[in-house]
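Asks:
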Amino acid sequence: MSDCLFCKIAAGEIPSDKVYEDELCYAFNDIAPQAPSHFLVIPKTHIDSVSEINGSNSTLVAHIFEVIAKITAEKGIKSYRVVSNIGEQAGQSVPHLHFHVLSGRDMTWPPG
Ligand code: AMP
Numbered sequence: 006m007s008d009c010l011f012c013k014i015a016a017g018e019i020p021s022d023k024v025y026e027d028e029l030c031y032a033f034n035d036i037a038p039q040a041p042s043h044f045l046v047i048p049k050t051h052i053d054s055v056s057e058i059n060g061s062n063s064t065l066v067a068h069i070f071e072v073i074a075k076i077t078a079e080k081g082i083k084s085y086r087v088v089s090n091i092g093e094q095a096g097q098s099v100p101h102l103h104f105h106v107l108s109g110r111d112m113t114w115p116p117g
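Numbering (my numbering), first residue to last: 6 to 117.
(1) Quick check: is any heavy atom of the ligand AMP less than 7 Å from the C-beta of phenylalanine 33?
(2) Rounded to whole angstroms, what's the CA-CA distance from isoleucine 139 to proline 115? Just pull it up for me.
(3) In three-state DSSP terms, what is lysine 23?
(4) Measuring only from the beta carbon, is serine 21 closer than 7 Å to any heavy atom that is part of the ligand AMP?
(5) Can you give the Cα-Cα distance for alanine 37 and alanine 78, rounded to whole angstroms?
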């Protein structure tokens, strides 16, 4: 999508602090980290949110979870939280599917 912030980041049109990249997805550090380690993993193709996952794109989402496992293993991160906000009330501010990966501090439950 031409006016999507994360499409532009994935395409390298807006700078970001890259953590990982392959042909399908891109990972980068969050600009406003909520934990000592906080990065986002996004598909390079535009998907609005988890609500739009279906049989045509779920293989890509499975790949993203493999990438999360790979990145965290390589960084030696043993305990972490994966979060995806869907819609305004849940706190989604960027309408491009992304998974927050947070670690490095005690987490509370339930989340706020
Ligand atoms: P959400 O609010 O769940 O949609 O998550 C969007 C996340 O994107 C927030 O944690 C923001 O801090 C982060 N963010 C927004 N703009 C950028 C950017 N240019 N580079 C890195 N992270 C960003």
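Cβ coordinates follow ideal geometry from the N, Cα and C atoms, glycine included.
Replies: From the atom records:
(1) yes
(2) Nothing in the structure corresponds to residue 139, since the chain is present only between 6 and 117.
(3) Three-state DSSP puts lysine 23 in a strand.
(4) yes
(5) 23 Å
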